[in-house]
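Residues 5 to 44, numbered by the numbering used here, are exactly what the sequence shown covers, in order. Cβ coordinates follow ideal geometry from the N, Cα and C atoms, glycine included. Model, not experiment: these values are computed from the prediction. Below is one structure, written out as structure tokens, with a few remarks after it.
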Amino acid sequence: AGKRFCFLFTDLANPTSNHIYQAIGYAPVVDIAELRFIQH
Numbered sequence: 005a006g007k008r009f010c011f012l013f014t015d016l017a018n019p020t021s022n023h024i025y026q027a028i029g030y031a032p033v034v035d036i037a038e039l040r041f042i043q044h
């Protein structure tokens, strides 16, 4: 059978793809930021 949940990570700076994803049923849930700490 199909899966109950599907997650999609997108680039918020790309309004075209985000519009398409929302048009086919995806909904924004959370914004995520990736941080990297570099030791000098």
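Residues of its chain near residue i, where Cβ-Cβ distance is below 8 angstroms and the 5 sequence neighbours each way are ignored
i, result
"Arg8", "none"
Beta-carbon proximity check, residue i vs residue j, cutoff 8 angstroms
i, j, result
"Tyr30", "Leu16", "no"
7 angstroms CB neighbourhood of residue i in its chain, flanking five on each side removed
i, result
"Thr91", "Nothing can be reported for residue 91: it is not among the residues displayed for the chain, which extend from 5 to 44."
Of the listed residues the options, nearest to residue i (C-alpha basis)
i, options, result
"Cys10", "Pro19, Pro32, Asn18", "Pro32"
Residues of its chain near residue i, where Cβ-Cβ distance is below 6 angstroms and the 5 sequence neighbours each way are ignored
i, result
"His44", "none"
"Ala37", "none"
Problem - Sequence ranges, beta strand (DSSP E) only - wholly within the stretch 14-39, length at least 3 - result: Whole beta strand (DSSP E) segments, 3+ residues: zero.
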